[in-house]
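Residues 2 to 246 in this note's numbering are what the sequence shown lists, from first letter to last. For every residue, glycine included, the Cβ atom is placed at its ideal position computed from N, Cα and C. Since the structure is predicted, the reported quantities are computational estimates derived from the model, not experimental observations. Comments concern the structure below.
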Amino acid sequence: MARKDIVEHEPSYLMHQMPYSETSQIVRIFSQNYGRVDLIAKGSKRPKSKFRSFLQPFLPLQLSWSGKSQLKTLREAEIHGQYLTRIQGKHLLSAYYLNELILSFLRMEDPYQNLFALYASALHGFSESNPIEPILRQFEILMLSEIGYAINFETEALSQKPIEADLDYVFIAEQGFVSKRNHNSSPFVVQGQVIQAINQGNFSDQETLVFAKKILRWSIEYHLDGKELKSKKVFKAIERQDGSK
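Printed below as a string of structure tokens:
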């Protein structure tokens with residue numbers, strides 16, 4: 002989408018904020034029609050700032066900004082729609098994980114309207130304490146597709162034949178799903194019926210959730226090229242703690 006010097010009342014969410022001066026901050030947002038945008042919130046650190054109560058993660062906002070450079074100036078901020086029930090615990094950590102994915106993978110000022118809608122839906126699900134794993138997997142799958150790294154859950158990578166429910170496959174991050182017959186040494190084998198379930202967004206079976214998590218984790222780590230997300234470190238620490246109980 003072409004840049005605009007002035008944007009008004011744009012549905013947005015705060016992803017991250019950092020100090021800019023003694024009184025101001027840089028806020029990194031995810032917006033419905035302009036994707037990721039960085040804004041200067043002048044005076045936002047002052048106690049009586051008009052922005053102070055609004056610049057919080059996971060609040061549905063309407064923001065107005067202006068500027069020709071990549072770093073815009075925030076003009077107005079207000080709540081857009083209803084407050085969500087406070088997100089807590091592992092649901093809160095999961096929400097921060099989505100923010101990290103957005104900041105790590107999405108290009109600046111490119112629209113991702115479908116992903117924005119799914120992000121809003123994910124936050125609603127987290128606020129209602131809905132199961133975490135299906136929400137994360139759906140977001141990861143769509144995000145990879147939106148940025149050009151889509152996983153092909155429909156065909157075998159080498160032959161381009163449709164995935165068959167009764168056959169076994171190996172997942173290779175840079176290729177996709179390859180018939181087990183071509184990779185007998187791989188310890189990670191996925192049944193075709195599981196791949197089909199993931200493709201259909203059917204996460205009702207625990208086995209499907211387990212394999213989906215492994216597949217998406219490997220793919221995302223491959224594209225992160227060695228970078229580790231902060232929220233993932235916390236997830237791993239929690240998993241180790243839970244496993245020791």
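Residue i, DSSP secondary structure in three states
| i | result |
| --- | --- |
| HIS224 | helix |
| SER70 | coil |
| THR209 | helix |
| HIS17 | strand |
| TYR150 | coil |
| PRO12 | strand |
| TYR120 | helix |
| ILE80 | strand |
| GLN63 | strand |
| ALA3 | Here ALA3 scores only 49 on pLDDT, less than 50, and its place in the model should not be relied on; the value that follows carries that caveat. Correct three-state label for ALA3: coil. |
| ILE173 | strand |
| SER32 | strand |
| LYS246 | At LYS246, the pLDDT of 43 sits below 50, so the modelled position is not reliable and the matter cannot be decided from this model. |
| PRO135 | helix |
| GLN161 | coil |
| ARG37 | strand |
| ASP167 | coil |
| PHE52 | coil |
| GLN57 | coil |
| PHE178 | strand |
| LEU75 | strand |
Residue i burial status per 10 Å Cβ neighbour count (16 or more: buried)
| i | result |
| --- | --- |
| LYS162 | exposed |
| LYS215 | exposed |
| ILE142 | buried |
| THR209 | buried |
| GLN83 | exposed |
| GLU157 | buried |
Same chain, Cβ closer than 7 Å to residue i, neighbours up to 5 away in sequence not counted
| i | result |
| --- | --- |
| HIS92 | PHE127, SER130, ILE133 |
| PHE106 | MET144, ILE148 |
| SER232 | LEU94, TYR97, TYR98, GLU101 |
| HIS224 | TYR150 |
Cutoff 8 Å; reference residue i; Cβ partners in own chain excluding five residues on either side
| i | result |
| --- | --- |
| ARG87 | SER128 |
| PHE153 | Checking the sequence shown, residue 153 turns out to be Asn, not Phe. So the qualifying residues of the chain are GLY177, PHE178. |
| ASN115 | LEU143, GLU147 |
| ARG138 | ILE199, PHE204, LEU210, ALA213, LYS214, LEU217 |
| SER160 | SER180 |
| SER25 | ILE41, ALA42, LYS43, GLY44, SER45, LYS46 |
| PHE55 | LEU62, ALA78, GLU79, ILE80 |
| TRP1 | Outside the shown range of the chain (2 to 246) lies residue 1, about which nothing can therefore be said. |
Residue i, enclosing alpha helix (DSSP H) - first and last residue
| i | result |
| --- | --- |
| TYR98 | 90-106 |
| GLN201 | Neither: GLN201 is in no alpha helix (DSSP H) and is coded neither H nor E. |
Own chain residues within Cβ distance below 6 Å of residue i, not counting five before or after
| i | result |
| --- | --- |
| SER50 | GLY44 |
| LEU40 | VAL28, TRP66, LYS73, LEU75 |
| LEU168 | GLY193 |
Three or more C-beta pairs below 8 Å linking the segment 190-201 and the segment 125-137: As far as the Cβ criterion goes, the segment 190-201 does not touch the segment 125-137, which means the pair count is below three.
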